[in-house]
Amino acid sequence: MTVTATVTPTPASTPTPTPTATPTPTPVAEAPLVPNPQVPTLTPNAEPKPLPQGPAQDLGSTPGARGTTTASGGGALLTYTVVEGDSFFDIAQRFNVPVQMMLKMNPSVPGLGESIYIKQIINLDWKAQR
Numbered sequence: 223m224t225v226t227a228t229v230t231p232t233p234a235s236t237p238t239p240t241p242t243a244t245p246t247p248t249p250v251a252e253a254p255l256v257p258n259p260q261v262p263t264l265t266p267n268a269e270p271k272p273l274p275q276g277p278a279q280d281l282g283s284t285p286g287a288r289g290t291t292t293a294s295g296g297g298a299l300l301t302y303t304v305v306e307g308d309s310f311f312d313i314a315q316r317f318n319v320p321v322q323m324m325l326k327m328n329p330s331v332p333g334l335g336e337s338i339y340i341k342q343i344i345n346l347d348w349k350a351q352r
């Protein structure tokens, strides 16, 4: 009979960590409080400010407003003819008329002025509607 020796390894000992004290955080000064701004007094359902009225002034052809105009015998602008590439907003800008006023002067223009078409006649006379 033969005897065989079996070696069983023993685990190496691991060092036990030594607990250390947690560092105390350095206090930080709080930022000063900023007061809320004053809220203006609002008037519910205040009357809207009227749109400025007056004759259209041709400031010159621009991209988006290259059409032709007609004028009265006294030189007051009466109408504008839409050409390809024009936009209602650019037409209003060319003639120094607020878009809301231009829409009021042209109630037949649908879609807040987004749907104009070539050869359409746009009213520039602030005393009339088209």
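Note that the sequence shown covers residues 223 to 352 in the numbering used here.
Note that the Cβ used here is the ideal one computed from N, Cα and C, for glycine as well.
From Q315 to E306, what distance separates their C-alpha atoms? Stepping through the sequence shown from its first residue, residue 315 is reached at position 93. Stepping through the sequence shown from its first residue, residue 306 is reached at position 84. Spanning the two alpha carbons is a distance of roughly 17 Å.
I want to know whether the stretch 294-314 touches the stretch 259-274 - three or more CB-CB distances under 8 Å. Result no; under three Cβ-Cβ pairs closer than 8 Å.
Three-state secondary structure (DSSP) of A314: The residue given as residue 314 occupies position 92 in the sequence shown. Looking at A314 - three-state DSSP - the assignment turns out to be helix.
Neighbour-count burial assignment, P334, 16 or more Cβ in a 10 Å radius: Counting from one through the sequence shown, the residue named residue 334 turns up at place 112. The displayed chain sequence assigns Leu, not Pro, to residue 334. The residue in question, L334, is exposed, as its Cβ has fewer than 16 Cβ neighbours within 10 Å.
Nearest by alpha-carbon distance to D308: which of K341, K271 and P262 is it? Residue 308 sits at position 86 when you count from the first residue of the sequence shown. Comparing Cα-Cα distances from D308 to each of K341, K271 and P262, the minimum goes to K341.
Starting from L175 and walking both ways along the beta strand (DSSP E), at which residues does that stretch end? This structure does not reach residue 175, given that the chain is present from 223 up to 352, and the question cannot be answered.
Looking only at C-alpha atoms, which of G289, P262 and M327 sits nearest to Q312? Here the question's residue 312 lines up with position 90 in the sequence shown. The amino acid at residue 312 is misidentified as Gln; the sequence shows Asp. Closest option to D312, Cα to Cα, is G289.
Please identify the residue among F317, W348 and N318 whose C-alpha is closest to the C-alpha of P329. Counting from one through the sequence shown, the residue named residue 329 turns up at place 107. Out of F317, W348 and N318, W348 has the C-alpha closest to the C-alpha of P329.
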